[in-house]
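Take a look at the structure below.
In the working numbering, the protein residues as written are 1481 to 1906.
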């Protein structure tokens, strides 16, 4: 009814056919199936149940874990979302939960939204932000060893996010967190200043306010209201973060500041030579704080390749209060494989990469809590690992061979591994 031009007979037939296809039950079934597959949620009109991959899992502390959760859908509201879950561990016989709310203030011309989150659950400290959560079903089967590095985390946070113009956004977060060690983990021990005896601390409490700025010139997005997917940009992506603890506020115990700067870029060389993705991040913490609040470099103990993690590093293995890290990975686009007829026909593509991080911990921070035997500083130089791999396997799979180049593990076999991942290439 809003068109100015009259549709031709052929165009009317095409639109009628599209409407007919979209109304077919089989079409709706396939749309819901792919939504479930990629988003993890089953649509039920106003509500969505999921994520399905978190409903059943296993770890050494909880044993079998059952979780049920969901969220409101865009049918319920396109302006706000409620989400939540409850979980129960069969072995530890304890309940956990998470609740969340987020709401748009404006959508156009630029996005503004705020949210609240409440959580009392177990977490893996020293894991990348893109890694499997502790209750992921697939991670339960893909871990190289039993998961025991869990900490009980009680967190309350409120946040406000604003997009100033396409490519520039800021986010302000106020959060309070309590960390409590679990039975299979090392307790929080410290040396008393009064009598020199080793004593145990029940938990760690921290309150922090954080602001982050992200600049990605001419970045494009696709997707729904809240869950946008970035299509990237040809320009560098710059992220700056500043955070300040609030001692004595709502139980906060420590006084420190942290700052971090990250730059990432995709460098396209030529269609024949391929392209390189790189990322450099530097950070520093000013003040005194215990190791759970330091920068715990993200490890990965599963057989699933994680592009944002150190895939040969274990969880909770290295900590720093100042550091610089760098990732670089080159995609050859078939530079070598195209010379082999069968590989060229399969359109396989080569990858090679290296990751490293170098950091330190000052003496004051080393003495706040006694470090567990599994955690250490990068005192012997940078941590390095390398990978070579093949991507575009059936257009969705990637396989990497990885080597741990420094800080070798006691068993030589643990310094080399094969990992896979899903990677859709169009």
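Glycine is no exception: its CB is placed at the ideal position from the N, C-alpha and C atoms.
Within this structure, are the beta carbons of residue i and residue j separated by less than 8 Å?
{"i": "residue 1550", "j": "residue 1530", "result": "yes"}
{"i": "residue 1684", "j": "residue 1772", "result": "yes"}
{"i": "residue 1541", "j": "residue 1662", "result": "yes"}
{"i": "residue 1765", "j": "residue 1736", "result": "yes"}
{"i": "residue 1552", "j": "residue 1526", "result": "yes"}
{"i": "residue 1895", "j": "residue 1904", "result": "no"}
{"i": "residue 1909", "j": "residue 1605", "result": "The question about residue 1909 has no answer, for the chain in this structure spans 1481 to 1906."}
{"i": "residue 1805", "j": "residue 1610", "result": "no"}
{"i": "residue 1882", "j": "residue 1668", "result": "no"}
{"i": "residue 1762", "j": "residue 1740", "result": "yes"}
{"i": "residue 1568", "j": "residue 1575", "result": "yes"}
{"i": "residue 1814", "j": "residue 1824", "result": "yes"}
As a quick exercise: from the options, pick the residue whose alpha carbon is nearest that of residue i.
{"i": "residue 1641", "options": "1828, 1596, 1519 and 1789", "result": "1596"}
{"i": "residue 1833", "options": "1901, 1864, 1721 and 1823", "result": "1864"}
{"i": "residue 1545", "options": "1713, 1577 and 1715", "result": "1577"}
{"i": "residue 1660", "options": "1790, 1520, 1775 and 1602", "result": "1602"}
{"i": "residue 1782", "options": "1608, 1582, 1588 and 1593", "result": "1608"}
{"i": "residue 1886", "options": "1790, 1649, 1767 and 1741", "result": "1790"}
{"i": "residue 1831", "options": "1900, 1709 and 1555", "result": "1900"}
{"i": "residue 1846", "options": "1892, 1770 and 1823", "result": "1770"}
{"i": "residue 1561", "options": "1568, 1574 and 1581", "result": "1581"}
{"i": "residue 1857", "options": "1579, 1796 and 1568", "result": "1796"}
{"i": "residue 1897", "options": "1538, 1709 and 1869", "result": "1869"}
{"i": "residue 1646", "options": "1617, 1587 and 1668", "result": "1587"}
{"i": "residue 1696", "options": "1627, 1750, 1883 and 1649", "result": "1649"}
{"i": "residue 1593", "options": "1892, 1707, 1825 and 1819", "result": "1707"}
{"i": "residue 1734", "options": "1700, 1763, 1658 and 1584", "result": "1658"}
{"i": "residue 1555", "options": "1563, 1528, 1564 and 1575", "result": "1528"}
{"i": "residue 1653", "options": "1682, 1633, 1867 and 1721", "result": "1721"}
{"i": "residue 1902", "options": "1891, 1875 and 1893", "result": "1875"}
Based on the DSSP secondary-structure assignment, which residues constitute the bridge partners of residue i?
{"i": "residue 1719", "result": "1694 and 1742"}
{"i": "residue 1658", "result": "1634 and 1685"}
{"i": "residue 1819", "result": "None; residue 1819 has no bridge partner."}
{"i": "residue 1811", "result": "1755 and 1831"}
{"i": "residue 1869", "result": "1831 and 1880"}
{"i": "residue 1436", "result": "What is shown of the chain runs 1481 to 1906, which leaves residue 1436 out entirely."}
{"i": "residue 1552", "result": "1527"}
Would you grab the beta carbon distance between residue i and residue j for me? Rounded to a whole angstrom, and I think it's under 8 Å.
{"i": "residue 1732", "j": "residue 1723", "result": "Residue 1732 to residue 1723, Cβ: 13 Å. No contact."}
{"i": "residue 1746", "j": "residue 1712", "result": "7 Å"}
{"i": "residue 1615", "j": "residue 1547", "result": "6 Å"}
{"i": "residue 1644", "j": "residue 1590", "result": "6 Å"}
{"i": "residue 1828", "j": "residue 1873", "result": "7 Å"}
{"i": "residue 1532", "j": "residue 1523", "result": "The Cβ separation is near 12 Å, so there is no contact."}
{"i": "residue 1855", "j": "residue 1799", "result": "6 Å"}
{"i": "residue 1716", "j": "residue 1743", "result": "6 Å"}
{"i": "residue 1774", "j": "residue 1884", "result": "Incorrect: roughly 22 Å between the Cβ atoms, too far for contact."}
Does any residue of chain B have a CB that is nearer than 8 Å to the CB of residue i?
{"i": "residue 1769", "result": "Reference to chain B is not applicable here, since this structure consists of a single protein chain."}
For this session: Please list the segments of the alpha helix (DSSP H) lying wholly inside the segment 1832 to 1856, counting only runs of 4 or more residues, in order along the chain.
Result: Given a length threshold of 4 residues, each whole run of the alpha helix (DSSP H) inside the segment 1832 to 1856 is given here in chain order: 1843 to 1846.
For this session: Tell me the start and end of each unbroken alpha helix (DSSP H) in the segment 1579 to 1630 that is at least 4 residues and wholly inside, in chain order.
Result: The qualifying runs are 1617 to 1622.
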